[in-house]
Every structure is written in structure tokens, then in C-alpha cells.
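Beneath this line is the structure, given in C-alpha cells, with notes to follow.
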Amino acid sequence: ETAVFQTPNYHVTQVGNEVSFNCKQTLGHDTMYWYKQDSKKLLKIMFSYNNKQLIVNETVPRRFSPQSSDKAHLNLRIKSVEPEDSAVYLCASSWVDSDYTFGSGTRLLVI
Amino acid sequence: QEKVQQSPESLIVPEGAMSSLNCTFSNSASQSIWWYQQHPGKGPEALISIFSNGNKKEGRLTVYLNRASLHVSLHIRDSQPSDSAVYLCAVSPSSGSWQLIFGSGTQLTVMP
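For the record, the sequence lines run as chains B and X.
Per my numbering, numbering through the first sequence is continuous, rising by one, with the last residue being 111.
Per my numbering, numbering through the second sequence is continuous, rising by one, with the last residue being 112.
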């Protein structure tokens, strides 16, 4: 049963537009994450949010920013998308040092 | 930076056979190693984890960890067509680490 909910499932947009993806978890976990999955299935961490502390992967471009209203929500905003941003964005949650529960992902296509 | 590599990239086995997947990591001090399963259009789902050297068995799954050789393997006994998926190996670099480091996966196809 899905306990990490992502919307939308799929989004097509043009270069330069701004997009936002939503993520909500109902598991009561204390940490949430955003990963980017490329066409070769490789997952790369983008952000982690725990107890109001945000940890950013230094390789993530500044046009990406996470937004959180509480520990159950962690949204992702991309300001001025570029073609290389086309990918699947996966949200996950967990307790520290425990397994992750992932959402089904948001597939972004930039044209 | 921890590195995780998986082999083979693709594996095709007949129904009922044993499937064997491999993963190497770069830091012997890494904490738990996780195996995730990902079906098309879905997010990865945790299958099994291991921390100590040796093996761990859960149902049809067996995991072997050898920290000295920086190697972990996943074996699926009596493979079924429903096992067809991408299998991802993930490593926690240290206790309290804020991230899992993932390999690029093995595509398993089980032929009926």
C-alpha cells in the first residue's frame, strides 16, 4: 500500500518554465528525501529534510529548491527547467538508519 | 564518496531457476546494505538488508555479505515471472548518514 504520495505522475513542460512537484508521506517518518533517477535507472540524492534541517547535495543546480510545510510534506520546485532536467523524480521517507519508502515518482519531460 | 557498482546489467533466467545478482561497494566501514526492487512505473521497494558479514535468508531471498572483499550478493531461489524487475543495491555510508548511495541496477527478466 502506497504511503508516500507524489503528484503529478507525469509532467511535460517547455525549457525555461517553472514546475513544482508535491510529496506527502503518511508514515510518521522523521526524514524525507528527493532523488533523481536517470534513464539508466541510477538514483542520485538531491535533498534530505529532517527536523527542519535541510541537507543539500552540493552538485544540485541552484534552480532546484525543496519546500516543506511540516515533516509530512516535502515539495520540489524547479525554476527555469532545462532539457537535462528530464528524468523521474522520486520522493522517499524513512526513520534515520532505516529502509526508505518511495513514492511512484514524477516523470518530467522538458521539450 | 562511496561508490556502488552492480553486475550484471541484465540477467535473463528461466522460471524456477536461481537468480544471482552482485554488488560491490568502496568503503568497508559502510553500514547496512539494502536491496530494492523496482517495477516499471513504480518507486523502488525495500526487499532485504544486511549489516554483518555472512548471510541472511528471508523466504526465497538470500543475501551474502563479505566486507573484506567489499562484495554483497542477492540470490533469488525459484525465480518467478513476477520477479522480473530492476534490482538496486544501496549502501548507507555511515551511521546516521542522511542518504543511501545506489548502484545503477540489474534488470532481471524471468522467462515463463
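Note that the Cβ used here is the ideal one computed from N, Cα and C, for glycine as well.
How is residue i classed by DSSP in three states: helix, strand or coil?
i                      : result
residue 81 of chain X  : helix
residue 85 of chain B  : helix
residue 60 of chain X  : coil
residue 1 of chain X   : coil
residue 35 of chain X  : strand
residue 59 of chain B  : coil
residue 29 of chain X  : coil
residue 48 of chain X  : strand
residue 8 of chain B   : coil
residue 92 of chain X  : coil
residue 54 of chain X  : strand
residue 36 of chain B  : strand
residue 100 of chain B : coil
residue 66 of chain X  : strand
residue 30 of chain B  : coil
Counting contacts by CB-CB distance shorter than 7 Å, is residue i in contact with chain X?
i                      : result
residue 28 of chain B  : no
residue 104 of chain B : yes
residue 36 of chain B  : no
residue 41 of chain B  : yes
residue 90 of chain B  : yes
residue 78 of chain B  : no
residue 45 of chain B  : yes
residue 85 of chain B  : no
residue 70 of chain B  : no
Does the CB of residue i have a neighbour CB from chain B at under 7 Å?
i                      : result
residue 102 of chain X : yes
residue 105 of chain X : yes
residue 99 of chain X  : yes
residue 40 of chain X  : no
residue 93 of chain X  : no
residue 8 of chain X   : no
residue 59 of chain X  : no
residue 114 of chain X : Residue 114 of chain X cannot be examined here, being either before or after the span of chain X that is shown, 1 to 112.
residue 46 of chain X  : yes
Expressed to the nearest angstrom, what Euclidean distance is found between the alpha-carbon atoms of residue i and residue j?
i                      : j                     : result
residue 35 of chain X  : residue 66 of chain B : 27 Å
residue 14 of chain B  : residue 43 of chain B : 24 Å
residue 116 of chain B : residue 69 of chain B : For chain B, the structure presents residues 1 to 111; residue 116 of chain B sits outside this window and is missing.
residue 70 of chain X  : residue 18 of chain B : 42 Å
residue 94 of chain X  : residue 23 of chain X : 18 Å
residue 46 of chain B  : residue 16 of chain X : 39 Å
residue 110 of chain X : residue 53 of chain B : 43 Å
Measure how close the beta-carbons of residue i and residue j come, nearest whole angstrom, since I'm counting them as under 8 Å.
i                     : j                      : result
residue 4 of chain B  : residue 93 of chain B  : 6 Å
residue 41 of chain B : residue 41 of chain X  : With 8 Å as the limit, residue 41 of chain B and residue 41 of chain X do not qualify as a contact, their Cβ atoms being about 13 Å apart.
residue 4 of chain X  : residue 86 of chain X  : The Cβ separation is near 14 Å, so there is no contact.
residue 25 of chain B : residue 105 of chain B : Their Cβ separation, rounded to whole angstroms, is 14 Å, which puts residue 25 of chain B and residue 105 of chain B out of contact at 8 Å.
residue 99 of chain X : residue 48 of chain B  : 6 Å
Decide yes or no for the touch test of the segment 23 to 43 of chain X against the segment 53 to 64 of chain B: beta carbon pairs closer than 8 Å, at least 3 of them. no
Taking 8 Å as the cut-off, does the segment 80 to 92 of chain B touch the segment 30 to 45 of chain B (at least 3 CB pairs, one atom from each stretch)? yes
Stretch pair the segment 33 to 51 of chain X + the segment 95 to 109 of chain B: three plus CB contacts closer than 8 Å: yes
Are the segment 55 to 65 of chain X and the segment 6 to 13 of chain X touching by the rule of at least three beta carbon pairs closer than 8 Å? no
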